[in-house]
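**Student:** If you count the sequence shown from 1, you need to add 3 to reach this note's numbering. Where is the CB? At the ideal position from N, CA and C, for every residue including glycine.
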Amino acid sequence: MHKNILFLQIEIIRNCPPHMGMCLFVDDLRKSGVNCDTYMINANYIDEIIPLIGKGNYSLICLDSVFTVDIITLLEREFPNIPILAGGINAIALLMHTNIRYAVFGPGRTAINVFIQEFFGSHNFYTVPNLFFKNGAQILYSGETLHWDLKKELFPYVPFLDWQYIGPDRNPKANYLDVSIAAGTGCPFANSTVSSNHFAISDIFHELGYEASDAALQRLEEIFNRKKHGCSFCIFQYQEFTSYPADETIELLLQQALHLYKRYAITSFHIQTENPLPFLYDFITALLKNSIRVQKLSIRTRPDFLLLHKDTVRSCLEVARDNNFHLSIEEIGFESFCDDDLKTFNKKTDSTINRDVLKLLKDVKRDFGGHVGVDVGHGIILFHPWTTLKSLTENLRFITENTDIFPQLFLGTLVLYSEFLPIYPKISHEGLSQKSEYGYGLTFKMKDDLAKKAYDLYEILLMHFGGNISSEAYLKSLDLIGNHSIDHILKEIFHLVPVQEK
Ligand code: B12
Ligand code: SF4
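1. I want to check one thing, is the minimum distance from the CB of Arg296 to the heavy atoms of the ligand B12 below 7 angstroms?
2. State the DSSP-derived secondary structure class of Asp181, mapped to helix, strand or coil.
3. Leaving out five residues on either side along the sequence, give the residues of the same chain with a beta carbon under 7 angstroms from the beta carbon of Gly146.
4. Checking 8 angstroms against the spacing of the C-beta atoms, do Ser183 and His329 come in under that value?
5. Please state the DSSP three-state secondary structure of Asp31.
6. Taking 8 angstroms as the CB-CB cut-off, is Asn174 touching chain B?
7. Is the beta carbon of Arg112 within less than 7 angstroms of some heavy atom of the ligand SF4?
8. Using C-beta distances below 6 angstroms, list every residue in its chain close to Ala193, excluding the 5 sequence neighbours before and after it, in chain order.
9. Where does the unbroken alpha helix (DSSP H) through Gln259 begin, and where does it stop?
10. How long is the line joining the alpha carbons of Leu98 and Ala106, rounded to whole angstroms?
11. Enumerate, from N- to C-terminal direction, the unbroken beta strand (DSSP E) stretches of 3 or more residues contained entirely within the stretch 427-473.
12. Less than 8 angstroms between the C-beta atoms of Asp2 and Gly90, yes or no?
13. Would Asn7 and Asn38 qualify as a contact pair, given that the criterion is a beta-carbon distance under 8 angstroms?
14. Run the Cβ filter for me: residues under 6 angstroms from any heavy atom of the ligand SF4, listed in the order they occur in the chain.
15. Which residues in the same chain as Leu385 place their Cβ atom closer than 7 angstroms to its Cβ, once the five residues preceding and following it in sequence are excluded?
16. Exposed or buried, Gln242, counting other C-beta atoms within 10 Å across all chains shown (16 or more means buried)?
17. Just the C-alpha distance for Asp378 and Leu412, rounded to the nearest angstrom, thanks.
18. Is it buried or exposed, Ala268, if we count other Cβ atoms within 10 angstroms and call 16 or more buried?
19. Which class does Ser195 belong to by DSSP, given the choice of helix, strand or coil?
20. In whole angstroms, what separates the C-alpha of Ser125 from that of Ile64?
21. Any chance the CB of His273 is under 7 angstroms from a heavy atom of the ligand B12?
22. Identify every residue that forms a DSSP beta bridge with Cys65.
23. Excluding the 5 residues preceding and the 5 following Ile238 in the sequence, name in chain order all residues of the same chain whose CB lies nearer than 7 angstroms to its CB.
24. From Phe82 to Cys341, what distance separates their C-alpha atoms?
25. Closest by CA to Ser301, which one among Ser235, Ala186, Asn60?
26. I want to check one thing, is the minimum distance from the CB of Asn349 to the heavy atoms of the ligand B12 below 7 angstroms?
27. Output needed for Lys346: all residues of its chain with C-beta closer than 8 angstroms, excluding positions within five of it in sequence on either side, in chain order.
28. Near Asp490, which residues of its chain fall below 8 angstroms by C-beta distance, leaving aside the five closest residues on each side in sequence?
29. Determine the closest residue to Thr390 out of Leu364, Ala454, Lys365, Leu361, with distance taken between C-alpha atoms.
30. Within 8 angstroms, do at least three Cβ pairs link the stretch 132-141 to the stretch 71-82?
31. Counting only the same chain and skipping the five closest in sequence on each side, list residues whose C-beta sits under 6 angstroms from that of Glu333.
32. Do Leu464 and Ile472 have their CB atoms nearer than 8 angstroms?
33. Pick from Asp285, Leu478, Tyr144: whose alpha carbon is nearest that of Leu392?
34. Classify Asn293 as buried or exposed, calling it buried when 16 or more other Cβ atoms lie within 10 Å of its own Cβ.
35. Under 6 angstroms Cβ to Cβ from Ile74, same chain only, skipping five residues before and after it: list those, please.
36. Let me confirm a value: Glu277 is counted as buried when at least 16 other C-beta atoms fall within 10 Å, else exposed. Which label applies?
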């Protein structure tokens, strides 16, 4: 039997390198005689993958849980006879909201290797670690749980990065820039905050028309009702937290960087952990000692962690300046500068910390110029069910006063990845959730009418101006939103006049 499978990743952010997860096991499968085609496809070019799949004679499509339900539904409609295997942190929600048959939750490398053996062999899926699968309306679990051991996921370390691309123009080097090197798994914050949040798992499955087997229920309880919950909107909190002592972490990162540097001449790396500062200085020193050329090093962390290690941030930047590379501080999870929002999000920090961190970032930008980058990325969530015009205006004032940190108006919106977000039960209880054919199958309504109007305005502006909305002009429009129509505001402030239909 031909063993021909297709791996897909989706490009939402232009020129984004592949997420590392699936890159780790392509080589294993190829070595075992499976043909693997790998495509990264831009979210707006999905139609172009259809003829390609049609011709490819694939037995299986593998994708990660960044894929949304509308795209998966389209693939299922076009190719009802090609099963889909989803993996990644939100794979269980995809299993619940689409007709896909197989989902791996947790470390994937052994899981996919065993899965492929069974898929092309005797179909005994009970031997596949971390696999949920369907039998009609029944959700089953293999009963084999493999916990995270990052070294086993990474080594032998031969990540495959040469994914083909379908989409608009792309930087030909995009797959080799800002490549992930993993320092640990899960999030230390989500591991440390105790919670009494409890999901009625079987009811949730029932409502969606499924029965979960005992083994599935038991595993789902372990994953979602573990009495510890992190930020209320974050799906990543369900990845098990594991870490190594600092010297081992440094060695682990070094091995990944060294391979990527030698194999692909990669000189920009993105360290994956929410808490890199305890080892960052020593890691940078180790990179330099090992003559790995570094042009850019990116980190991600929480604002409170950044503040705690502010002296380390400065020391690292001094090394960056002396050695002429760029340290990029990314995805800092501010979320909001209003305390009510931060409470809703269970950030366990307050707006004073966020403001102090903003000051720190402004200071280092001033002091280290081209050697530091700040990219808040999706670390802002201003639209959620309980946004008020007051909270929005307060945040907007802040953003307009700090355009060095917020150069573009990006008002992140809560993404409802799954019913198992700690924020979800309250949304559902207040009647503010609705089903959707798009995203991850769920969306929310906004309680406050004026905040909703401000959101509708923002959506129109986003469509029209892309990332180039003036924050000052948007702030001004918030003053008018109570007494004027959206059309009036678009005309008065943004000089946009609706085209009259004949
Ligand atoms: C790095 C990163 C990025 C980088 C990607 C580039 C890069 N340098 O790699 C940047 C910052 C650009 C980015 C962007 C985005 N990201 Co991102 N990203 C991450 C991050 C922090 C690390 C990924 C990583 O390398 N992990 C290490 C590997 C080893 O672990 P892993 O990914 O979990 O993979 C293992 C298993 O999960 C499993 N597995 C994974 N995929 C599959 C697939 C199959 C078939 C199987 C069987 C198993 C399997 O096996 C892997 C090996 O064990 C994760 C969070 C995290 N810490 O994991 C978010 C994360 C993956 N990103 C996420 C999202 C949503 C995005 C964005 C859509 C955000 C946005 N709205 O803009 C964009 C989309 C990017 C795009 N494709 O256009 C979400 C995914 C949620 C979901 N629905 O699954 C995560 C979990 C963050 C979060 N807190 O929610 N991201
Ligand atoms: S948002 Fe960040 S800090 Fe909060 S739980 Fe998720 S990964 Fe952890």
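**Tutor:** For this structure:
1. Residue numbering aside, residue 296 sits at position 293 when the sequence shown is read from its first letter. Short note on Arg296: C-beta not closer than 7 angstroms to any heavy atom of the ligand B12.
2. In the sequence shown, the residue the question calls residue 181 occupies position 178. Note: Asp181 maps to coil in three-state DSSP.
3. The residue you call residue 146 lines up with position 143 of the sequence shown. Tyr129, Ala218.
4. Counting from 1 along the sequence shown, the entry for residue 183 is found at position 180. Counting from 1 along the sequence shown, the entry for residue 329 is found at position 326. Contact flag unset, no.
5. The sequence position of residue 31 within the sequence shown is 28, counting from 1. Of the three classes helix, strand and coil, the one that applies to Asp31 here is helix, per DSSP.
6. The question asks about chain B, but that chain is absent: this structure has only one protein chain.
7. For the purposes of this step, residue 112 is taken as the residue at position 109 of the sequence shown. Not under cutoff, so the answer is no.
8. Along the sequence shown, one-based indexing puts residue 193 at 190. Once the five neighbours on either side are set aside, the close Cβ partners of Ala193 are Gly233, Gln240.
9. Mapped onto the sequence shown, residue 259 falls at position 256. 249-267 is the span of the alpha helix (DSSP H), which, as asked, contains Gln259.
10. For the purposes of this step, residue 98 is taken as residue 95 along the sequence shown, with counting starting at 1. For the purposes of this step, residue 106 is taken as residue 103 along the sequence shown, with counting starting at 1. For Leu98 and Ala106, the distance between alpha carbons rounds to 6 angstroms.
11. As far as the stretch 427-473 is concerned, its whole beta strand (DSSP E) runs of at least 3 residues are 436-438, 445-447.
12. Given a span of 4 to 505 for the chain in the structure shown, any question on residue 2 remains unanswerable.
13. Translated into positions along the sequence shown, residue 7 becomes position 4. Translated into positions along the sequence shown, residue 38 becomes position 35. A Cβ-Cβ contact shorter than 8 angstroms links Asn7 with Asn38.
14. Listed along the chain, these residues meet the criterion: Cys190, Phe192, Ala193, Gly233, Cys234, Cys237, Phe239, Gln240, Glu277, Arg305, Gly336.
15. Reading the sequence shown from its first residue, position 382 is the one you call residue 385. Within the same chain, Leu385 has close Cβ partners Ser339, Leu395, Asn398, Leu414, Gly415.
16. Mapped onto the sequence shown, residue 242 falls at position 239. Gln242 should be labelled buried.
17. The residue labelled residue 378 in the question sits at position 375 within the sequence shown. The residue labelled residue 412 in the question sits at position 409 within the sequence shown. Cα to Cα, the separation comes out at about 12 angstroms.
18. Counting from one through the sequence shown, the residue named residue 268 turns up at place 265. Label assigned to Ala268: exposed.
19. Taking the sequence shown and counting its residues from 1, the one referred to as residue 195 is at position 192. It is helical.
20. Residue 125 sits at position 122 when you count from the first residue of the sequence shown. Residue 64 sits at position 61 when you count from the first residue of the sequence shown. Those two C-alpha atoms are separated by around 19 angstroms.
21. Here residue 273 corresponds to residue number 270 of the sequence shown, with the count starting at 1. Yes - the ligand B12 has a heavy atom lying nearer than 7 angstroms to the Cβ of His273.
22. Locating residue 65 in the sequence shown gives position 62, where the first residue counts as 1. Under DSSP, Cys65 shares a beta bridge with Phe10, Leu88.
23. Against the sequence shown, residue 238 aligns to sequence position 235. The beta carbon of Ile238 lies closer than 7 angstroms to those of Ile92, Asn93, Tyr420, Ser421, Leu424 in the same chain, with the five residues before and after it left out.
24. Here residue 82 refers to the residue found at position 79 of the sequence shown. Here residue 341 refers to the residue found at position 338 of the sequence shown. Our two residues, Phe82 and Cys341, have alpha carbons roughly 47 angstroms apart in a direct line.
25. In the sequence shown, the residue the question calls residue 301 occupies position 298. It is Ala186 whose Cα lies nearest to the Cα of Ser301.
26. Mapped onto the sequence shown, residue 349 falls at position 346. No, the ligand B12 has no heavy atom inside 7 angstroms of this Cβ.
27. Stepping through the sequence shown from its first residue, residue 346 is reached at position 343. Same-chain partners within the cutoff: there are none.
28. For the purposes of this step, residue 490 is identified with residue 487 of the sequence shown, where counting begins at 1. In chain order, Pro501 place their CB closer than 8 angstroms to the CB of Asp490, counting only its own chain and leaving out the 5 sequence neighbours on each side.
29. Residue numbering aside, residue 390 sits at position 387 when the sequence shown is read from its first letter. For the residues Leu364, Ala454, Lys365, Leu361, the minimum Cα distance to Thr390 belongs to Ala454.
30. Pairwise C-beta distances place the stretch 71-82 out of contact with the stretch 132-141, as fewer than three of them are shorter than 8 angstroms.
31. Taking the sequence shown and counting its residues from 1, the one referred to as residue 333 is at position 330. Only Ser301, Arg303, Asp378, Gly380 meet the Cβ criterion.
32. Working through the sequence shown from its first residue, we reach residue 464 at position 461. Working through the sequence shown from its first residue, we reach residue 472 at position 469. Yes, they are a contact pair.
33. Against the sequence shown, residue 392 aligns to sequence position 389. Nearest of Asp285, Leu478, Tyr144 to Leu392, Cα basis: Leu478.
34. Along the sequence shown, read from residue 1 onward, the residue named residue 293 stands at position 290. A residue is called buried when at least 16 other Cβ atoms come within 10 angstroms of its Cβ; Asn293 does not meet this threshold and is exposed.
35. The sequence position of residue 74 within the sequence shown is 71, counting from 1. Excluding sequence positions up to five before and after Ile74, its CB lies within less than 6 angstroms of the CB of Ile49, all in the same chain and listed in chain order.
36. Within the sequence shown, residue 277 is the residue found at index 274, counting from 1. The C-beta of Glu277 has 16 or more other C-beta atoms within 10 Å across all chains shown, which makes the residue buried.
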